[in-house]
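Numbering (our numbering), first residue to last: 2 to 301. All C-beta atoms in this analysis are idealised placements derived from N, C-alpha and C, irrespective of residue type, glycine included. Contents: one structure, followed by commentary.
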Ligand SMILES: [Zn+2]
């Protein structure tokens, strides 16, 4: 699609040459978050459906997740440029799901390191074909063009943005097999990625027991607020975990009971499809969560 329109009456059909900046909230001094829309994976707006943002230090900026499309990433970059003149030194991905990584391509530049969990590169490799097939419009580039990490985190790592330290922690299998949390020491803000879902039903793509273990023993830092992967741009800690803990605990209890009763996975998944949990938006993943939980629990 052209970047310019010559005929004004066709303007609505033309892509803008420069993406409009994304709206961000400064949830704490120097911590900016864009609210991702609550839409499902088949919605046309899926390219902007996760919370993403950036932290500004005295030397440089760290981006935390880049959105589900190159366009969203480009718009975030425009917002950063309108906020600060400092360069972007790090692009951190909290995990490999499309809505957090497909904007990476907008940030490729000299001096910018891409940072992720030690398993992130493998997780992106495993998804490359799927991304190329399902997200060609969002990738908006060569097929499979997903930018991998150049810095891998195994355990805990600190990044210095200039008088501002971020502590990154690679998490054992939980929401996915490559979850990374980012803690801003100056404002005691935890970026959880999708380890915390609020309002929108959690999606299980890793280990149910591992996820509950993280919820029961999250990072030991003093935390004042969390930036969840989905939900409000910031939420009080640890109350932010309450609904998610209740959902995942119930899922584990119900799955264990079903396995004890000798029920079949297909029946459990069908029942989950018919009876989504109350109080959550976008409950369609519930049946898949139930299947995933069943396969994890049946060999306990
Ligand atoms: Zn996710």
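Kindly indicate which residue of the options has the alpha-carbon position closest to the one of residue i.
i	options	result
residue 156	168, 162, 149 and 150	168
residue 154	201, 108, 96 and 127	96
residue 48	266, 274, 260 and 72	72
residue 36	30, 101 and 162	101
residue 88	103, 122 and 55	55
residue 271	288, 243 and 40	288
residue 66	46, 33 and 40	33
residue 184	149, 176, 25 and 170	170
residue 204	90, 83, 278 and 139	278
residue 201	31, 38 and 26	38
residue 177	43, 230 and 62	230
residue 243	198, 158 and 223	198
What do you reckon, are the CB atoms on residue i and residue j nearer than 8 Å?
i	j	result
residue 187	residue 59	no
residue 181	residue 172	yes
residue 291	residue 252	yes
residue 118	residue 195	no
residue 68	residue 81	no
residue 116	residue 147	no
residue 207	residue 174	yes
residue 190	residue 228	yes
residue 79	residue 22	yes
residue 152	residue 114	yes
residue 103	residue 70	yes
residue 250	residue 283	no
Keeping to the same chain, check which residues put their C-beta closer than 8 Å to that of residue i; ignore five residues upstream and five downstream.
i	result
residue 9	Per-residue confidence for residue 9 stands at a pLDDT of 42, beneath the threshold of 50, marking its modelled position as unreliable; no derived number is given.
residue 266	292, 295, 296 and 299
residue 105	67, 74, 92, 94, 115, 147 and 148
Could you please give the first and the last residue of the uninterrupted beta strand (DSSP E) stretch that includes residue i?
i	result
residue 55	53–57
residue 159	157–161
residue 193	190–198
residue 226	226–231
residue 117	114–118
residue 146	No beta strand (DSSP E) contains residue 146, which DSSP labels as neither H nor E.
residue 262	Element bounds for residue 262: n/a, residue is neither H nor E.
residue 216	Unbroken run through residue 216 is the alpha helix (DSSP H), 209–217; no beta strand (DSSP E).
Please go through the same chain and pick out, in chain order, the residues whose beta-carbon is closer than 7 Å to the beta-carbon of residue i, but skip the five residues on each side of it.
i	result
residue 237	226
residue 211	173, 174 and 175
residue 128	97
residue 285	41
residue 24	35
Residue range of the alpha helix (DSSP H) that residue i falls in?
i	result
residue 298	287–298
Which residues in the same chain as residue i place their Cβ atom closer than 6 Å to its Cβ, once the five residues preceding and following it in sequence are excluded?
i	result
residue 259	269
residue 57	31 and 85
residue 281	202
Give a yes or no on whether 8 Å exceeds the smallest Cβ distance from residue i to chain B.
i	result
residue 292	The chain labelled as chain B is not found in the depicted structure, where only one protein chain is given.
### Task
Output the residues surrounding ligand 1, defined as those with a CB atom closer than 5 Å to any ligand heavy atom, in chain order.
98 and 195
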